[in-house]
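Visitor: One rule links them: number in this note's numbering = place in the sequence shown (from 1) + 1232.
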Amino acid sequence: MTVSHWERAIVEEEIKPNQSGSVRFQSSWWPAKCVREITLQPGEVVRVVSLDNITLIVET
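1. If we ignore side chains and look at the alpha-carbon of each, how far apart do residue 1289 and residue 1240 end up?
2. Please classify residue 1254 as buried or exposed, where buried requires at least 16 other C-beta atoms within 10 Å of its C-beta.
3. For residue 1269 and residue 1281, which I take to be in contact (beta-carbon distance under 8 angstroms), what is that distance rounded to the nearest angstrom?
4. Could you compute how far the alpha carbon of residue 1243 sits from the alpha carbon of residue 1259?
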């Protein structure tokens, strides 16, 4: 799967620094991590920047 840097996802489960959470992306739930040292709350819209195995890497 290729991911465009412009694609958006919605945080479903809180994503904390160095921990996984989950996002809703392309009508499915995916595990996700953030590359920055911030906490992302449910409902926040994030940008998908890459894919690591089955985990989406996201940022605000």
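Think of the CB as a built atom: it goes at the ideal place given N, C-alpha and C, for glycine as much as any other residue.
Remember, predicted model here, so these are calculated numbers, not experimental data.
Guide: Short version:
1. 11 angstroms
2. buried
3. At roughly 15 angstroms, the Cβ-Cβ gap does not stay under 8 angstroms, so residue 1269 and residue 1281 are not in contact.
4. 13 angstroms
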